[in-house]
Every structure is written in structure tokens, then in C-alpha cells.
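Student: Pasting in a structure now, in C-alpha cells, and then I'll have a few things to ask.
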Amino acid sequence: MPQVRMTRETRADVDAVWAVTTDWKRHAGYFPLTQMKVPDEPEGVGRHFEGFSKLGPLTLPDPMVVTAWSPPSPVEGHDSGSFAIRKLGKVLSGTVNFEVHPTPGGATLVWTTDVGPAPRLLATISRPVGGLITKAMYAGVLKKIVAAAEAH
């Protein structure tokens, strides 16, 4: 899957963006047809959670693990935050990298992903349109994240 990088500006501050983006249960509201199962684990590297996309009787599990974790912490000298997630499933594979940076009027979100179908044949077949589909889906996701952060 080709890498897709999307950037959004928001009037919300870094802490609000971080809060709504790392609240894994809220991702059910950001991603279409998705429910989330989030075990009670500490935040940070190694945290597992799972999305379930449902389309009629079909349920597609999407297990994930946090592979990088750097929350914003002005006290420690870094105003920006970032995390990375690796998809572990048989249906979807790849990574998601998220960054949030302060701006004079709020924050900038950067979402980079190379998520695509895990089965090689399906990945090969979908490659020509995969980037377009991914961009369209994540445009909607980021719009919802920005709205949630601005309402936070």
C-alpha cells in the first residue's frame, strides 16, 4: 500500500487533540462501521486494542498495538506529541503514525499511514485505487477528530 500523509489545522490546542486521538474507544465514532474493544491496559508502547468493522453479517477484526508513544509535555520540554500503531490482523496490515504540533492558533495534526489489505493478492489488486480510498476515508476520520478536539 502506498504511504498516505494528511495534515489538518485546528483551533484546538495540542492537549485536546492528543486527548481525543488517544482515546481509543472514541475511534468507533471516527471510523465508519467500526466498534472498538479496548482492554484496561496502561497507555504507551505495548498497549493493545482492537477495532471490528461490521458490514451486515461480516465482521472484520483489526487488532493493533502501540509501537511508539511520546505525549506532549511542555514540562519535559516537548510541546508536540506523537504515537505509532502497527496493525496485526490477517485482513489489514501496516502502520499509522500520528503527530500533533502546536501552532499560534491551535495545532497541526499529521496522520501518515500505509495500511492496506494483508493478503498479498488483495493488496496487489487494490494498489491502483488503494491510495485514493485511503485518502477519502482518512479525510473523514480527520474531520471528525478535529471536530471532537474543538468541542473538547
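Each residue of the sequence shown is one higher than the one before, counting from 2 in the working numbering.
Using N, Cα and C, we set each Cβ at its ideal position, and we do this for glycine too.
Output the boundary residues of the alpha helix (DSSP H) element that contains threonine 22.
Tutor: For the purposes of this step, residue 22 is identified with residue 21 of the sequence shown, where counting begins at 1. 15-22 is the extent of the alpha helix (DSSP H) around threonine 22.
Student: What does a CB cutoff of less than 7 Å around leucine 89 pick up in its chain, not counting 5 residues either side in sequence?
Tutor: Sequence index remark: in the sequence shown, residue 89 carries index 88 (1-based). Once the five neighbours on either side are set aside, the close Cβ partners of leucine 89 are Pro64, Met65, Val66.
Student: In angstroms, rounded to a whole number, what distance separates the CA positions of histidine 153 and proline 58?
Tutor: Counted from its first residue, the sequence shown places residue 153 at position 152. Counted from its first residue, the sequence shown places residue 58 at position 57. Approximately 34 Å, taken between the alpha carbons.
Student: As a quick exercise: from Pro3, Ile146, Gln4, Leu34, pick the residue whose alpha carbon is nearest that of alanine 108.
Tutor: As a position in the sequence shown, residue 108 is number 107, starting the count at 1. Nearest C-alpha to alanine 108: Ile146.
Student: Whole angstroms are fine: how far does the CA of proline 33 sit from the CA of aspartate 16?
Tutor: Here residue 16 refers to the residue found at position 15 of the sequence shown. Here residue 33 refers to the residue found at position 32 of the sequence shown. About 25 Å.
Student: Would you say aspartate 115 and threonine 96 are within 8 Å of each other, going by their C-beta atoms?
Tutor: Taking the first residue of the sequence shown as 1, we reach residue 115 at position 114. Taking the first residue of the sequence shown as 1, we reach residue 96 at position 95. In contact: aspartate 115 and threonine 96 (Cβ atoms closer than 8 Å).
Student: Three-state secondary structure (DSSP) at histidine 153?
Tutor: Start at 1 with the first residue of the sequence shown, and residue 153 comes out as number 152. It is coil, neither helix nor strand.
Student: Which residues share a DSSP beta bridge with glutamine 36?
Tutor: As a working mapping, residue 36 is identified with position 35 in the sequence shown. According to DSSP, glutamine 36 bridges with Phe53.
Student: What is the residue span of the beta strand (DSSP E) that glycine 95 lies within?
Tutor: Start at 1 with the first residue of the sequence shown, and residue 95 comes out as number 94. First-last of the beta strand (DSSP E) with glycine 95: 93-104.
Student: Grab the span of the alpha helix (DSSP H) containing glycine 30 for me, first residue to last.
Tutor: In the sequence shown, the residue the question calls residue 30 occupies position 29. First-last of the alpha helix (DSSP H) with glycine 30: 28-31.
Student: Proline 103 to lysine 55, Cα distance in whole Å?
Tutor: Here residue 103 refers to the residue found at position 102 of the sequence shown. Here residue 55 refers to the residue found at position 54 of the sequence shown. Their backbone Cα atoms lie some 36 Å apart in a straight line.
Student: Taking Cβ to Cβ, would you say threonine 8 is nearer than 8 Å to valine 101?
Tutor: Position 7 of the sequence shown, counting from 1, holds the residue named residue 8. Position 100 of the sequence shown, counting from 1, holds the residue named residue 101. In this structure, valine 101 does not lie closer than 8 Å to threonine 8 by Cβ.
Student: Out of Val46, Ala29, Pro73, state which residue places its alpha-carbon closest to the alpha-carbon of phenylalanine 53.
Tutor: Taking the sequence shown and counting its residues from 1, one reaches residue 53 at position 52. Measuring from the Cα of phenylalanine 53, the nearest candidate turns out to be Ala29.
Student: CB-CB under 6 Å to threonine 35, same chain, minus the five flanking residues each way: which ones, in chain order?
Tutor: On the sequence shown, position 34 is the one that residue 35 refers to. The answer, listed in chain order, is Ala29, Gly52, Ser54.
Student: Would you call glycine 78 buried or exposed, if buried means 16 or more other Cβ atoms sit within 10 Å of its Cβ?
Tutor: Start at 1 with the first residue of the sequence shown, and residue 78 comes out as number 77. The residue in question, glycine 78, is exposed, as its Cβ has fewer than 16 Cβ neighbours within 10 Å.
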